[in-house]
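What follows is a short report on a single structure.
In this note's numbering, the protein residues as written are 660 to 943.
This is how it looks when you write it as structure tokens:
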């Protein structure tokens, strides 16, 4: 199945990439010690990766892959430094070893950011970083000082149990399915829950059952709903958060790596990321 991506103003978005890159570089200069810089780097690194896919929907250009690798490094680094087991942790960012002071709970270390970090690490096939993320206490994510729907924590626990092969996976998965029902939404609206948050949970369910046909049906639904959501009005259609279907892409990467054929094609699913075409080209 093919799901076409909506058109974006490619020239206009390409023109802002240098500005976004400069802002990200500024944030990375202070990432070792500044909370503001870490928060900014998390947001900016993701935005750069997404905006590069506007003009390079297949992620076939070196610069695009480097931006996704950097986003993964930044997101995993802030969580590696989140648990204060010592004074600092060493993390590789842009091929440079950085010593990040440990933090404890922070506003930018919430469950949504953890999910992005997990998805990015899956897409980049970074097993060691996934091991680390899977051991981040959910209690730390709850202490970030804000409010998220309860589904988010159930989904985090599901992915942690899945990655660590724990016996409680089914319990957390069932809870995540139940809590992602639209009537359970309190912070998010029902449309966001239905079209963006529920689909990757169902994809994982089908994957765990080794149901290739069911997986691809759920995958196609996820990408179609992603497009419906991000084309519902003009503001959404211009929002770079819709450029890539991040969570469905990550679950599809898991499935493909474990022998389930992926039968959905879309500009929302950069082919080089799905296929891990840059395997072995970089030391992450």
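Just so it is clear, CB atoms sit at the ideal spot from N, CA and C, and this is done for glycine as well. Note that the structure is a prediction, hence the values are computed from the model and not measured.
At which residues does the beta strand (DSSP E) containing residue 723 begin and terminate? Counting along the chain, residue 723 falls outside any beta strand (DSSP E), though it belongs to the alpha helix (DSSP H) covering 721–739.
Any beta carbon of chain C sitting closer than 7 Å to that of residue 900? The question asks about chain C, but that chain is absent: this structure has only one protein chain.
Member of 682, 766 and 731 whose CA lies at the smallest distance from the CA of residue 621: Residue 621 cannot be examined here, being either before or after the span of the chain that is shown, 660 to 943.
Please name the residue in 660, 887, 821 and 882 whose C-alpha comes closest to that of residue 868. 821
Residue closest to residue 833, alpha-carbon to alpha-carbon, out of 844, 841, 810 and 848: 810
Helix or strand or just coil, what does DSSP make of residue 896? helix
Using a Cβ-Cβ cutoff of less than 8 Å, which residues in the same chain neighbour residue 884 once the five nearest sequence positions on both sides are dropped? 853, 854, 855 and 858
Candidates 703, 920, 782 and 745: which alpha carbon is nearest residue 728's? 782
Length of the line joining the Cα atoms of residue 878 and residue 812: 22 Å
Going by DSSP, what residue range makes up the beta strand (DSSP E) through residue 748? 747–752
Where residue 865 falls: helix, strand or coil (DSSP): helix
Which residues in the same chain as residue 890 place their Cβ atom closer than 7 Å to its Cβ, once the five residues preceding and following it in sequence are excluded? 665 and 896
When DSSP labels each residue in this structure, what does residue 931 get in the three-state scheme? helix
Nearest CA to the CA of residue 925: which residue from 915, 903, 914 and 909? 903
By Cβ distance below 8 Å, which residues in the same chain neighbour residue 860 in space, the five residues on each side in sequence not counted? 814, 817, 832, 835, 836 and 839
Please report how far the alpha carbon of residue 901 lies from the alpha carbon of residue 797, in whole angstroms. 27 Å
Determine, using beta carbons only, whether residue 690 and residue 696 come nearer to each other than 7 Å. yes
Over the uninterrupted alpha helix (DSSP H) stretch that includes residue 755, give me the two end residues. From DSSP, residue 755 is part of no alpha helix (DSSP H) but of the beta strand (DSSP E) over 755–760.
Identify whether residue 691 lies in helix, strand or coil by the three-state DSSP scheme. coil
Using a Cβ-Cβ cutoff of less than 8 Å, which residues in the same chain neighbour residue 825 once the five nearest sequence positions on both sides are dropped? 819
With a threshold of 7 Å on Cβ separation, who are the neighbours of residue 910 within its own chain once the five nearest residues in sequence on each side are excluded? 859, 862, 863 and 866
Please state whether the Cβ-Cβ distance between residue 928 and residue 908 is less than 7 Å. yes
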